[in-house]
Structures are given as structure tokens and as C-alpha cells.
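Asker:
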Amino acid sequence: MTRYITRRLAQAIGVLWAAYTVSFLVLYALPGDPAKLIAGPDATDITPAQLDALRAEFGLDKPLIVQYVDRLLGLMRGDLGQSLPTGRPVSDLIGEALPSTIQIAALGLLLAIIFGAGLAILATFSRNQALSRLLFSLPPLGVAIPGFWFALLLIQWFSFGIPLFPAVGNVGFASTVLPAITLALPTGATIAQLLSKSLTNTLREPYIDTVRAKGAGPARVHFRHALRNAALPALTVTGLIVGQLLSGTVVAETVFSRPGLGRVTATAVAQQDIPLVQGIVLFAAGVFVVTNLLVDLIYPLLDPRIVIGRPRVARVQAGVPA
Amino acid sequence: MSSTNWGRTALLGTAFALTVALSACSASTTASGPAAGTDADPVVGGDLTFAIANDPISLNPSGTGAGNDTWYVTRQLVDSLLYQNPDTNELEPWLAKSWEANADATVFTFVLRDDVTFSDGTPLTAGDVKATFDDIIAAGPKSQAVSSFVGYKGTTVIDEHTVEVSFNTPNAAFPNSTSSVPLGIVGAATLAVPYDDRATGDAVVGTGPFVLGSYTKDVETVLERRDGYAWSPASRELDGEAYLDSVTFQVVPEPAVRTGSLTSGQVDVIGGVQPVDVDTLTASSFPLVSRGNPGVSFGEYFNVSRPIVSDIVVREAIAHATNAAEIRDTALNDEFNVGTSILAATTPGWADESGYFEFDPKESAKLLDGAGWKLGDDGIREKDGTKLSLVVNWITNFGPNQTSLELLQQQLKDVGIELTLQGGDVPSFLERQTSGDFDISWQNLSRADGDVLRTTFSSAATNTLRIDDPTLEALLQEQLATGDQAARATVLADAQERIASQYYQIPVHELTSILATQPTVTGVTLGADSRLDQLTGASLAAAE
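Chains as they are written, first to last, in numbering that gives the first Met the number 0: chain C, 0 to 321; chain R, 0 to 543.
1) Would you tell me roughly how many angstroms separate the C-alpha atoms of residue 382(R) and residue 465(R), rounded to the nearest one?
2) Count the other CB atoms within 10 Å of the CB of residue 28(R); is the residue buried (16 or more) or exposed (fewer)?
3) Is residue 224(R) helix, strand or coil when you go by DSSP?
4) Decide if residue 501(R) is buried, meaning its Cβ has at least 16 other Cβ atoms within 10 Å, or exposed.
5) Please identify the residue among 205(R), 326(R), 101(R) whose C-alpha is closest to the C-alpha of residue 190(R).
6) Is it right to say residue 225(C) is buried, meaning 16 or more other beta carbons lie within 10 angstroms of its own, or is it exposed?
7) Give the single residue among 230(R), 245(R), 72(R) whose Cα lies nearest to the Cα of residue 198(R).
8) For residue 246(C), report the span of its beta strand (DSSP E) as first-last.
9) Classify residue 299(R) as buried or exposed, calling it buried when 16 or more other Cβ atoms lie within 10 Å of its own Cβ.
10) Mapping DSSP to helix, strand and coil, what is residue 400(R)?
11) Anything in the segment 258 to 270 of chain R with a Cβ closer than 9 Å to a Cβ of chain C? List those residues in chain order, please.
12) I'd like to know whether the C-beta atoms of residue 96(R) and residue 111(R) end up nearer to each other than 8 Å.
13) How about residue 301(R) and residue 503(R): do their beta carbons lie closer than 8 Å?
14) Would you mind working out which of 408(R), 196(R), 74(R) sits nearest residue 528(R), comparing C-alpha positions?
15) With a threshold of 16 other CB atoms inside 10 Å of the CB of residue 126(R), please say whether the residue is buried or exposed.
16) Taking the beta carbon of residue 303(C) as the centre, do at least 16 other beta carbons fall within 10 Å, making it buried, or is it exposed?
17) Counting Cβ pairs closer than 8 Å, one from the segment 78 to 98 of chain R and one from the segment 225 to 234 of chain R, do we hit at least three?
18) Check whether the Cβ atoms of residue 417(R) and residue 389(R) lie closer than 8 Å to each other.
19) The ligand FAD and residue 234(C): does any heavy atom of the ligand fall closer than 7 Å to the residue's C-beta?
20) Mark residue 333(R) as exposed unless 16 or more other C-beta atoms lie within 10 angstroms of its C-beta, in which case mark it buried.
21) Using only alpha-carbon positions, find the residue among 399(R), 344(R), 354(R), 263(R) that is nearest to residue 561(R).
22) Is there at least one Cβ from chain C nearer than 8 Å to residue 422(R)'s Cβ?
23) Using a threshold of 8 Å, state whether the C-beta atoms of residue 157(C) and residue 140(C) are closer than that.
24) What first and last residue would you give for the beta strand (DSSP E) that runs through residue 51(R)?
25) Grab me the residues of residue 180(R)'s own chain with a C-beta within less than 7 Å of its C-beta, minus the 5 sequence neighbours each way, in chain order.
26) Taking Cβ positions only, does residue 107(C) come closer than 8 Å to chain R?
27) Taking the alpha carbon of residue 251(R) as the reference point, which residue from 78(C), 241(C), 257(C) has its own alpha carbon closest?
28) Output yes or no for whether 8 Å exceeds the beta carbon distance between residue 106(R) and residue 163(R).
29) So if I threshold CB-CB distances at 8 Å, which residues from the segment 149 to 163 of chain C count as touching chain R?
30) Could you work out which residues of chain C lie near residue 56(R), taking near to mean beta carbons separated by less than 7 Å?
31) What does residue 382(R) pair with, by DSSP beta-bridge criteria?
32) Could you tell me the boundaries of the beta strand (DSSP E) in which residue 152(R) lies?
33) Tell me where the beta strand (DSSP E) around residue 292(R) begins and ends.
34) Between the beta-carbon of residue 246(R) and the beta-carbon of residue 523(R), is there less than 8 Å?
35) If we define contact as Cβ-Cβ less than 8 Å, is residue 19(R) a contact residue for chain C?
36) Pull up the distance between the alpha-carbon of residue 83(C) and that of residue 221(C), whole angstroms please.
Laid out in C-alpha cells, this is it:
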């Protein structure tokens with residue numbers, strides 16, 4: 000187990016390094032002179048000497064390879080660099096934005112699981128063919144609806160129309176509801192799609208027939224026997240779901256005027272705040288790495304056939320009675 | 000050119016219209032009755048909520064923030080040496096009770112009021128003015144204000160309330176620059192904090208009618224009334240403190256949400272009203288506060304180093320093929336003016352040159368025929384195997400740009416000129432400007448002084464248009480060296496005439512700043528730079 004985790008940590012560092020390298024190459028290959036961007040598009044009377052001073056201050060005058068190594072060394076010390084327009088540490092900006100994003104992402108995930116799983120179970124459980132077909136057709140619709148439009152619809156109905164929730168800001172629980180629903184729609188739909196498909200398949204497995212033959216009712220078949228097996232594919236895409244939630248915050252936080260990681264990202268990209276964009280890329284990569292590691296550690300809890308840290312051969316041998 | 004993402008905005012406008020159409024419930028109009036309150040007595044007290052599009056990013060007045068939205072906030076914190084009256088465009092006393100320039104505009108003397116204090120209680124002195132200006136020079140291009148100090152020699156404290164700013168080269172635009180937010184005077188407590196650490200505004204100590212209460216990034220900036228404020232510019236006709244207890248600048252990025260927040264009564268004033276929302280708001284009796292931006296107008300700017308448009312005949316032909324009124328009516332609305340000169344009508348020294356830009360496609364065709372551009376089979380003119388095909392460089396950050404340019408494309412097609420539209424974000428626009436891979440640039444620049452002509456057209460400045468015209472250059476330098484404002488206006492008029500007669504630029508429309516308020520709100524005005532003026536005279540109604 001320890002060896003397994005050590006190996007996974009080494010992998011994680013590799014992934015982060017790759018994310019750093021790719022984002023560095025992409026960001027520094029973008030058109031535009033960072034020094035001119037700091038000065039702003041309307042700065043027409045800036046002298047070349049002043050621009051040079053600015054480049055020197057941000058280390059932009061050094062050769063690319065030196066900048067690459069400098070930043071990488073900083074990264075190893077946990078220093079993500081400074082945001083160009085504000086001069087504030089990137090880690091502070093991300094850290095400040097995070098709590099607000101976690102609020103809506105957590106509520107969004109909860110809603111997505113409740114409604115996604117609920118829909119899948121209802122669709123496979125229902126004996127009414129028409130209802131079942133209707134329920135099966137909902138997830139693709141949920142995935143297809145543009146989040147941006149859906150968010151505006153929510154705000155129009157439940158804030159401007161019936162004033163149930165505030166349209167802007169992050170004060171109180173009420174302010175998290177509509178953004179969380181916005182995030183939950185595509186995520187819940189993804190979960191529903193996967194789970195209903197895998198539940199349908201699982202219910203056709205021979206062992207289900209055995210369970211039925213032993214006299215289990217439909218509820219027991221569903222919840223006691225089928226769901227645990229059917230949940231595995233849904234668990235596998237957790238990484239994707241987290242990604243969906245993170246990228247969804249750009250739209251949700253912009254439309255609902257909430258602070259958070261999505262807003263920081265949108266502003267950083269618009270301003271070409273290169274260190275901040277890179278910091279966000281690395282943060283997101285870190286989130287993926289951690290999520291996937293957690294998922295791998297959870298597998299054996301759901302499916303005893305999966306054993307972590309031992310090669311397949313060893314497992315088979317272990318299963319052989321002495 | 001603010002850094003707002005206007006491109007997405009246009010899309011949103013459409014999406015929002017669709018939303019409204021699809022949602023069964025009506026977008027309820029809380030505003031019924033007449034546009035009340037215009038002449039009522041201002042109510043003292045109350046908290047005003049003002050929705051802006053962008054986080055200010057930096058509350059350091061001279062720092063680089065998010066452009067207009069930042070200055071909306073920081074204008075409330077600092078006062079300026081001079082005040083530019085938005086009704087007359089004249090410079091009037093403010094923190095300086097009098098001022099004078101020498102004949103060649105290299106030395107400016109300001110005599111300060113002696114009754115002004117900063118919000119930390121320290122009195123305003125000549126030393127503060129010097130320290131503020133020297134701080135900007137030290138900050139270099141990190142400060143938006145540094146370009147107002149080209150040729151800066153130094154500031155001398157003559158006595159406690161007299162200060163002299165000198166330049167090595169003439170800078171007749173300087174008095175006007177002093178009225179802008181970035182040159183607002185800050186106290187010693189501000190300057191004691193390193194430049195990079197002032198973005199949160201905690202250290203900003205000004206003499207303005209409001210002080211910072213709190214700033215929460217991406218959420219809101221709360222300002223509170225400054226007690227004892229008593230030095231509003233005389234022409235504002237306000238002699239005391241602000242009426243409002245507080246002003247909250249709430250960041251609401253999406254224009255449609257700002258509009259909805261206003262119509263549903265959740266905010267009192269909104270900034271950055273989109274042209275598409277103007278009709279909705281006026282139909283529901285929400286008053287608009289709008290003013291054309293001074294500066295150089297939106298239009299076709301030619302890169303005269305390119306072979307086809309280096310010919311003045313082609314440029315003139317394009318001028319007569321451009322139907323600016325149609326573009327204004329289609330892509331924008333009546334709040335926007337059709338351009339009449341390189342300068343917008345609200346710029347000091349503006350002169351009407353619209354005679355050069357009559358819409359006359361027949362004349363246009365005649366000019367092109369005369370220059371040897373013959374219509375090809377595909378409807379595009381040709382000369383010696385070269386097609387009359389031009390590349391337009393433009394920024395996608397203002398929604399109506401795309402509609403404007405697509406219409407222009409059709410208008411020019413009618414006389415046999417092909418336009419290829421190359422749009423992009425600010426960085427890629429700047430990149431193409433630098434490389435010169437364009438024939439026409441669709442751009443504007445808001446600035447409250449005619450010196451904007453020099454920064455746009457002088458071969459000594461960035462000169463992205465590659466102009467080499469000694470006659471124009473002499474005029475551009477002369478206006479900068481004319482200390483007398485009336486004489487300077489004459490030089491600026493000559494420069495506009497030169498630019499129009501050489502067809503270096505064809506004006507199409509003047510960018511306009513639009514705010515909208517609740518019908519009961521009074522006293523919200525735009526300054527001479529068409530950005531939010533101080534809210535000293537703003538007030539809410541007594542009761543909802």
C-alpha cells in the first residue's frame with residue numbers, strides 16, 4: 000500500500016510538471032508583449048526604456064529557458080509567482096477565491112448526485128414504459144442545454160420574476176442555490192446518463208436472476224444488489240465530473256456575480272495575466288490528481304474483487320489455498 | 000478600450016432576449032408613472048447601490064486597474080487640481096484655486112486652496128502635489144498617469160500652497176490631465192506604502208467626498224461619506240458633504256443581469272448599459288444618463304504604408320462609400336452620434352469636418368474608375384492584377400463592432416471594395432498593430448484632451464498607422480506647445496482639417512457611455528471624460 004501511494008505521488012508530480020511545461024509553452028507562445036499588456040492598450044506615450052524597466056522587474060527580459068527554470072524552482076518552493084496587474088501572490092488570489100467556489104461546487108455536486116442518481120433509479124425502477132422512456136430521454140437534454148442560457152433562465156424566473164433568490168452576490172445560503180443548480184444540471188445529467196445505462200446492464204446480469212429466483216423484491220434487487228455494482232462506472236468518471244464543476248463555475252460565477260475561482264479565471268484570461276492563468280492550470284491539475292487518487296482508493300471499498308497495491312498475479316496466488 | 004469582454008456580451012444580449020421571450024412570466028416593470036424626482040429636493044442619507052461590470056482590480060488612483068469601472072470608484076476618493084466642466088469643457092478651479100501656464104506650455108503654476116484636508120486629517124499642501132507626481136514618475140508604466148508626464152522635469156514647491164510643474168518639452172495637455180483621476184492628489188500616508196501594495200485601497204488617503212469602507216474582490220467596494228467635505232468644484236453648486244451615507248459599487252459582470260437587477264429593483268444605478276438594452280430601459284421609464292466619449296471617434300483608420308490605401312484617392316472613395324448614419328442606426332441607436340471629425344464632439348477643440356465625408360457612392364465609383372480600379376467579374380475592382388481587397392483589424396471587446404463592420408463590408412462591396420474582417424482580443428489586435436498586417440484599423444480612444452490626436456497620429460509616438468506627414472506633425476507638436484487654450488483650439492482645428500482632408504481616418508460613430516438609474520435617483524452625472532463624476536450630489540428618494 001505504501002509503495003502504491005509513493006508510486007502514485009511520483010506520478011502526480013509528473014502530471015503537475017507536464018501541466019506546468021505545457022501551460023508555460025502555450026502561455027508564452029501567445030501573441031502579445033506582457034510588458035505592453037501591463038501598461039494597457041491605451042498607453043501610447045510609453046517610452047521603450049520604460050517598457051524595458053517593466054520587463055526587467057517581472058523577469059520578462061530573461062531568455063525563455065531561464066524564465067522556465069526560475070518559475071519551476073519557485074513552484075518547488077510553493078511560490079506560484081505574482082499576478083501581473085495587481086502584484087499580489089497568485090496563491091493568495093486562488094486561496095481567497097476558493098471558499099466561495101467550494102460552496103456552490105459542493106452544493107452543486109450534492110444536487111447532481113441526488114437528482115442524477117434519483118433519475119437513473121426511477122427510470123430503471125419504473126414499470127410504466129412511457130414514463131421510463133421519458134426519464135431516459137432527460138439526461139441527454141440536460142447535457143445539451145447551454146449552462147449560460149440556463150443560468151439566465153433561472154435568474155429571470157427566480158430572481159427578477161419571483162424574487163426568491165438574490166441575483167447577485169455571495170451573502171447567505173440563498174445566494175448559493177441558483178448557481179449550484181446551474182452547476183448541477185450538466186453534472187447531474189452526466190451521472191444520470193451513466194448510472195441508468197449501467198443499471199440497465201447490471202439488471203440483465205445472471206446474478207440478478209439468481210437474486211430474483213431467491214425471492215428478492217424489486218427494491219431489494221435494485222438497492223441491495225444492482226446499485227453497488229452499477230455505481231462503479233459512475234465513480235470512474237468522478238475526475239471528469241470535478242472538471243465539469245470547475246469549468247462550470249466560470250459561467251455560474253459570472254452570471255450570478257459571485258466571487259470565486261471561475262471569476263478569477265475569466266479575468267485572468269481576459270487580462271492575459273500569465274502567472275495567474277498558469278497558477279490556475281496547476282491548481283486544476285492538482286485537483287484532478289488528488290481526485291483520481293481518491294477514486295482509486297475508494298474502488299476496493301465498493302468492489303472487494305479489486306485489491307490495491309498488489310499485481311494481478313500476486314492476487315491470484317494469494318487466492319490459492321495453501 | 001476597457002478590458003471588458005464585450006464580445007461575449009453581444010451574445011448574451013441575444014440569449015437574454017430569447018430568455019425573456021421564452022419565460023412565461025413578464026419582465027415586470029416596477030417603474031410606473033413619470034420619470035419622477037428630477038426637480039425634487041435631494042434626500043439626505045441613504046445607501047446607493049451601483050452595479051459595475053468589472054472588479055476595480057486596483058484602487059490605487061494612479062495604478063492600472065480595469066479602466067472606466069476602476070475610475071468610477073476611485074473618482075469618489077480623490078479630487079484633482081482642476082475640474083473640467085462637462086457642460087462647457089472649460090477647466091475650472093478645484094483643489095487649485097488658480098493656475099497659469101507659460102507661453103510655450105512648459106511651466107504650470109498652481110495655487111492651492113488652504114482649507115482642504117485629507118481623510119486622515121492632514122492638510123493638503125504643495126508638498127503633497129509634488130510627492131504625488133514624483134511617485135507616478137517613479138512607478139513608470141505601472142501607472143496609468145505616466146503618459147501625462149512626457150518630458151517631465153520636476154515639480155517645485157514655491158510655498159506651502161503654491162506648486163510649479165515644469166517640463167523639458169512643451170505639454171499643453173497637462174492642465175487637462177490634472178483633472179483626470181490618475182493625477183488625483185493622494186496623501187503622504189498613501190505614498191508611504193510601496194506602489195505594488197496599494198491595490199486593495201486600504202492605504203489610499205484622498206481628499207474626496209467619500210472614503211473607502213471595505214473592498215471585497217469580485218464582489219463590492221463600499222464607500223462611506225467623508226465628514227466635513229467642503230471643496231466641490233464651484234460649478235457643481237454643492238457646498239458641503241455628499242448627500243448619501245454610502246455608495247456600494249457591486250460587481251455584476253453580465254450586462255443583462257445588470258439590466259435585470261435594475262428593473263427588478265435590486266440596484267439603484269447600473270453602468271455599462273449595452274446599446275441593445277437601451278430601448279427596453281427607456282420603454283420602462285428608467286432614465287438614462289449618457290454622454291459621448293471625448294477622444295478619437297470610432298471609424299476607419301488607414302495604415303498608409305500599405306500599397307492600396309497609401310493612395311489618397313482610394314481612401315477618399317472609401318469615405319464616400321461609407322454610410323455612417325446607416326451603421327449608427329443599425330448597430331447602435333440614437334444615444335450615439337454619427338462621427339463628424341477625427342475628434343468626438345465632446346472633445347475640447349473639436350471642429351466639424353463632416354463635409355469631407357458625404358455618403359455618395361456614385362462619387363466613390365467615379366474616383367475608383369478614375370484611379371484605374373476596374374470592376375471585375377466577381378464585383379470586386381482590380382488594377383494591374385491586384386484586387387481591391389483590404390484587411391480590417393478590429394477588437395471584439397465591444398458588441399456592436401461586429402455588426403458595424405459587417406454592414407460596412409456590404410456598403411463597400413456595393414462600390415467594388417472587398418473587406419476581410421480580422422477580429423480578435425486586445426492582445427492579438429495590438430500584435431497586428433505592431434506587425435502592420437492590416438489596411439484599415441477599426442478603433443477609438445477615449446481621452447478628454449485633443450492631444451489624443453498626437454498620440455494617435457504623430458510619427459514620434461507609437462504611430463501604428465505609419466503616417467509620415469510633416470504638415471500634420473508640425474500641427475500636432477504645435478498644439479502641445481501652445482499654452483493659451485484658445486490659440487491651441489485653433490491649432491487642433493487645423494490638425495483635424497488636415498487629417499480629414501488627407502482621409503487618414505473616416506469617422507463613423509462616437510462611443511457613448513450610458514448609465515441607467517431608478518426613476519427616483521437624482522444627481523448621478525458623467526464628467527467631462529464621460530466617466531462617472533463624483534456622487535456628491537447624488538441622492539435616493541425618501542421612500543420606495
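Quick reminder that beta carbons are idealized off the backbone N, C-alpha and C, glycines included. No experiment lies behind these values; they were computed from the predicted model shown.
Answerer: For this structure:
1) 24 Å
2) In this prediction, residue 28(R) scores a pLDDT of 34, lower than 50, which makes its location untrustworthy; the coordinate-derived value is nonetheless stated afterwards. Exposed.
3) strand
4) buried
5) 205(R)
6) buried
7) 72(R)
8) Note, residue 246(C): premise wrong, no beta strand (DSSP E); alpha helix (DSSP H) at 237 to 254.
9) buried
10) helix
11) 259, 260, 262, 263, 264, 265, 266
12) yes
13) yes
14) 74(R)
15) exposed
16) exposed
17) yes
18) yes
19) Absence of the ligand FAD is noted for the structure shown, with no ligands found whatsoever.
20) exposed
21) Nothing can be reported for residue 561(R): it is not among the residues displayed for chain R, which extend from 0 to 543.
22) no
23) no
24) 46 to 51
25) 60, 70, 73, 74, 77
26) no
27) 257(C)
28) yes
29) 151, 152, 154, 155, 156, 158, 159, 160, 161, 162
30) 84, 85
31) 385(R)
32) 151 to 158
33) Counting along the chain, residue 292(R) falls outside any beta strand (DSSP E), and DSSP gives it neither H nor E.
34) no
35) Bear in mind that the predicted position of residue 19(R) carries a pLDDT of just 40, short of 50, making it unreliable; the figure below should be weighed with that in mind. So, interface residue.
36) 55 Å
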